[in-house]
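Under this note's numbering, the first residue of the sequence shown is numbered 90, with each subsequent residue one higher. Think of the CB as a built atom: it goes at the ideal place given N, C-alpha and C, for glycine as much as any other residue. The structure displayed is predicted, hence computed values, not measured ones.
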Amino acid sequence: MNFQSKFSQYIKWLVLAYVAIGVFLLFQSKLILDFTLSSFLLVGPFVLCTIAYGVLTLNKKYIISGIGVGVLYVVALAVFSPLIMPKEHRNLIGNIEEVEFSSQIEHIDLKQLPTIDKQLAAKLADKKLGEIPSLGSQVTIGDLTLQSVAGQLYYVAPLEHSSLFKWLTNNEGTKGYIKVSATNQNDVQLITELNGQPIHLKYLESSYLFSDLDRAAYLRDMRAGHADYTFELDDEGNPYWVITRYDNAIGLTEQKAIGVLIIDAQTGKSNVYDIENTPQWVDRIQPAGYINNYLNKWGELVHGIFNFSDKDKLKTTQGMNIIFNDDKCYYYTGITSIGNDEGLVGFTLTDTRTGETTMYKTAGATEVASMQSAEGKVQQFGYSATFPYLINIQSEPTYFMTLKDSNGLVKQYAMVNVKNYSTVAVGDSLQTTLNRYIEALTNTNISLEGSNSEEVLEGEVERIGLVLKEGSSIYDIKIKGLDNIFSVSTESSREAALTKVGDKVSLKFIKVGDGKYIITNSFENLSLKENKVESSSVENSSTTE
């Protein structure tokens, strides 16, 4: 057998091998990688090998077959592309509802406002792990994800194997996970046991063989693609991997989430859920990359693919953040018009579970512009602003961000009005920042919800309690006959620390929304003044006698 015959035989066996692999992937699984890339990796070599075999054997049938398959593949991709199906690609995001900002967004809750970003959370987690040298040399901290655990916001990450050798010596799994509070930098926990039982995380991204997370997910669910591997805790603190299951959206060119595969990080037990039946403790089903892609197609294909003048075209702003509103998780991103990167035309909130998206139309500043505005307020210190978190203050969309020094430590807080980014407030505590921001709003032409002026209240203290927040002393005071709780910082008044039940007090405040807790602008203890007057009268009487 000459070289040409041998080579032709090899080509033939290679073609048959690719056909066998292709049949297996088509009928047994969706392949772990991107469907378009996967199909190309299968069809491309098949076409080349078939044409090469036909050339070497001078068989036109193989040449024509190879070219035919390649042409059909290119045509198939073109048919399902935005060129032919622009409406289908634009509608990947679904119906976008347009509503008023104040109708759905809860008013600010200082206790649930994230003051710690992912970068600072990673530093706090590293510091916590470093407190146990024997453990720190064996494991590393995995990817931190922001999530709601029993109604509280935490960054959570598994302990990952630091190397292959460490995996071999810790075949039972790593010894737990890290929790970092998003609202209190003193709340950093290394969880190594649950209900008195030690934790052993066996199924990890850093594991090997059958405990490798990718392989474990593939073997447990071959009927869908997998993306967005997220380490999440249920409300009892049990660790799981939540993995998005996806399928074809338009031919082979796009993907859509169809549910989740949940794997117990310790035992490997798994369950498959569709979107509607996914457990409530799961925060995210829709990958952020999918949503960002859908939104950009929605904005770009507003008038089809041949809109060369960019008429009415929109795009997402830089960065996408996760926000929690009424204990629901959303992707937030600003929307700007093509060619105007500084101006905001609105922003969207997308439910991270269902993918339902709401558009809030409002002219204003982009996230980057607001960060620059906040940094300019403290330019003498050289602080850098974190990516903003969207909140609702007095029915006004507001960017909240922390200001950090060169070491990544939070030094101050900033609030910037979305509609008018020159309305900025900076403070050393959340309460001070909020007070200054509300005061800045009252000094502008912005129409505030309810009263736009200070209210004055006098009453008798029924209950008083001390709360330590961000290194500041805050007194929660209940006035007799009222249901509201008035929060008074010692920065506003030192008299709060001397107040007791039964004292008569005077408060000044601007009511924000209809929340139970009200931030006071000023506080005065009238009883202290009365006692002082009485004491002065007694002293004067004694002197006269």
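- The segment 395 to 406 and the segment 421 to 441 touch, with three or more beta-carbon pairs separated by less than 8 Å.
- Here V556 is not near V594, since their CB atoms are 8 Å or more apart.
- The DSSP assignment places 207 to 219, 222 to 225 as complete runs of the alpha helix (DSSP H) inside the segment 198 to 250, in order along the chain (cut-off: 4 residues).
- Per the coordinates, the alpha-carbon of R442 lies some 54 Å from the alpha-carbon of L617.
- Boundaries of the beta strand (DSSP E) harbouring A346: 344 to 353, taken from the DSSP string.
- Counting along the chain, T319 sits inside the beta strand (DSSP E) bounded by residues 314 to 322.
- Taking C-beta atoms under 8 Å as the contact rule, C418 and D363 fail to qualify, at a distance of about 18 Å.
- In this structure, the beta-carbon distance from L283 to G326 falls below 8 Å.
- Taking C-beta separations shorter than 6 Å and ignoring five residues to either side along the sequence, the partners of V132 in its chain run Y162, following chain order.
- Under the DSSP definition of a beta bridge, K404 partners with T425.
- Residues of the same chain with a CB within less than 7 Å of the CB of Y383, apart from the 5 flanking positions on each side, are L181, I182 in chain order.
- The Cβ-Cβ distance between K264 and L224 falls below 8 Å.
- Counting only runs of 4+ residues, the alpha helix (DSSP H) found wholly inside the segment 269 to 315 occupies 302 to 309, in chain order.
- The segment 321 to 340 makes contact with the segment 349 to 356, as at least three CB pairs between them are under 8 Å.
- With distances taken between CA atoms, V513 lies nearest to M504 out of M504, Q520, L519, T521.
- Below 8 Å, too few C-beta pairs join the segment 313 to 323 and the segment 154 to 168 to call them touching: fewer than three.
- Collapsing the DSSP output to three states places I339 in coil.
- Sequence-distant Cβ neighbours of L166 in its own chain, meaning closer than 8 Å and more than five residues away, are T125, G340, L341, T342.
- Selection T451, T487, A463 evaluated against I412 yields T487 as nearest (Cα-Cα).
- Straight-line measurement puts the Cα of Q344 at about 24 Å from the Cα of D232.
- If you look at Y449, you'll find it in the beta strand (DSSP E) that goes 446 to 454.
- The segment 388 to 395 and the segment 442 to 462 do not touch, with fewer than 3 CB-CB distances between them shorter than 8 Å.
- At the C-beta level, L479 and Y421 come within 8 Å of one another.
- Around the Cβ of L523, a 10 Å sphere holds 16 or more other Cβ atoms; the residue is buried.
- For the pair P376 and A346, the CB atoms are nearer than the 8 Å cut-off.
- In the three-state reduction of the DSSP assignment, M460 falls in the helix class, which pools H, G and I.
- Here N410 is buried. Its C-beta has 16 or more other C-beta atoms within 10 Å.
- In this structure, DSSP gives Q375 a state outside helix and strand, which the three-state scheme calls coil.
- In terms of Cα proximity to F598, the closest of D592, N614, S576 is S576.
- Contact annotation: L596 and T579 have beta-carbon atoms that are not nearer than 8 Å.
- In the structure shown, S154 adopts helical secondary structure according to DSSP, grouped into three states.
- Per DSSP, the beta bridge partners of N414 are K417.
- In the displayed model, V160 falls within a helix according to three-state DSSP.
- Per DSSP, A529 is one residue of the alpha helix (DSSP H) stretching across 519 to 531.
- Exclusion of the five residues before and after V349 leaves V331, I332, T333, R334, Y362, T367, V371, I374 as the residues of its chain whose Cβ lies within less than 7 Å of its Cβ.
- For F575, the enclosing beta strand (DSSP E) stretches over residues 574 to 578.
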